[in-house]
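So that you can map any letter, position 169 of the sequence shown is 920 in the working numbering, and since no number is skipped, the others follow by simple counting.
Here is the structure we will look at, set down as structure tokens.
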Amino acid sequence: MNYYSVLVYYDLILYVLALSLFIPLWCVIVLCYQVFESISVSVIIPNEALLLEMVWTVVPTLMVLVLCFFNLNYLTYYGAFSLSEPVKVIGHQWYWTYELSSGVKYDSFMTDIISGVNKPLRIYLNVPYSLLLTSADVIHSFSIPDLSLKVDAIPGRINCLNVIFDRLGVFSGYCTELCVVGHSYMPIIIEVIMSIQ
752 MNYYSVLVYY DLILYVLALS LFIPLWCVIV LCYQVFESIS VSVIIPNEAL
802 LLEMVWTVVP TLMVLVLCFF NLNYLTYYGA FSLSEPVKVI GHQWYWTYEL
852 SSGVKYDSFM TDIISGVNKP LRIYLNVPYS LLLTSADVIH SFSIPDLSLK
902 VDAIPGRINC LNVIFDRLGV FSGYCTELCV VGHSYMPIII EVIMSIQ
């Protein structure tokens with residue numbers, strides 16, 4: 752998802768918000784007008800639970816407004832990823848290819864159970880990255896459980912995962928999609944290191 756699509760999404764949210772505020776507001780105005788016009792003719796039924804009706808109308812409305820507020824705040828946070836470093840991740844049977852924005856491209860094969868892979872993906876701490884995932888053959892799934900990351904790599908489609916790694920370490924993951932016989936032979940190792948600067 753790029754910056755333009757974030758703006759389109761933001762505009763869509765504002766349009767839906769404006770519609771969802773206008774229609775109920777118009778209904779309330781019409782109902783208030785009818786109530787005040789017919790106040791002398793109306794019959795008040797003592798069994799109405801006016802307080803209960805107000806509560807189950809106002810509380811869900813407030814909950815939706817709070818969720819909209821958090822959603823709009825997330826959109827402004829998400830705009831920071833427009834300056835992120837792109838990292839292309841391509842799944843193959845049965846290894847991963849990483850292509851960095853500096854032009855470096857390398858394959859990461861499984862070596863053994865202890866060290867995992869011959870060339871891990873090394874990225875810097877507190878730098879925004881856009882992982883652009885696709886596959887060259889079958890559906891794979893790029894998953895790092897310790898970082899709560901999981902994105903499918905689908906042939907002919909590019910899935911984008913925007914991340915900022917906030918802790919140092921070596922994190923291991925696996926292809927979590929059953930991609931034929933060598934599925935268990937494509938581990939993922941991400942090394943989060945300090946920036947040289």
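We treat Cβ as the ideally placed atom computed from N, Cα and C, and that holds for glycine.
Quick caveat: nothing in here was measured; it's all calculated off a predicted structure.
Supposed close pair residue i, residue j - CB separation, criterion 8 Å
{"i": "V921", "j": "L883", "result": "V921 to L883, Cβ: 23 Å. No contact."}
{"i": "L876", "j": "S946", "result": "7 Å"}
{"i": "L872", "j": "S881", "result": "That belief does not hold up - the Cβ atoms of L872 and S881 are roughly 14 Å apart, past 8 Å."}
Neighbourhood of residue i by C-beta, 6 Å cutoff - its chain only, sequence neighbours within 5 removed
{"i": "K901", "result": "S894"}
{"i": "K856", "result": "E850"}
Separation of residue j from residue i, as counted between CA atoms
{"i": "D903", "j": "M805", "result": "45 Å"}
{"i": "S965", "j": "S835", "result": "No answer is possible for residue 965: the residues shown for the chain start at 752 and end at 948."}
{"i": "L816", "j": "C926", "result": "39 Å"}
{"i": "E942", "j": "I764", "result": "37 Å"}
{"i": "T862", "j": "I940", "result": "12 Å"}
{"i": "V931", "j": "H891", "result": "10 Å"}
{"i": "L912", "j": "A800", "result": "49 Å"}
{"i": "F787", "j": "I780", "result": "11 Å"}
Simplified DSSP assignment, three categories, for residue i
{"i": "T812", "result": "helix"}
{"i": "N877", "result": "coil"}
{"i": "M752", "result": "Reliability fails at M752, whose pLDDT of 49 lies under 50, so the model's placement of it is uncertain and no value is given."}
{"i": "I941", "result": "strand"}
{"i": "F893", "result": "strand"}
{"i": "N910", "result": "strand"}
{"i": "F821", "result": "helix"}
Assigned exposure category for residue i - 16 Cβ within 10 Å defines buried
{"i": "I841", "result": "buried"}
{"i": "P896", "result": "exposed"}
Cβ-based neighbour list, residue i, same chain, cut-off 8 Å, excluding 5 preceding and 5 following
{"i": "G933", "result": "Q844 and W845"}
{"i": "P879", "result": "A831, F832, L834, S835, E836, N913, V914 and I915"}
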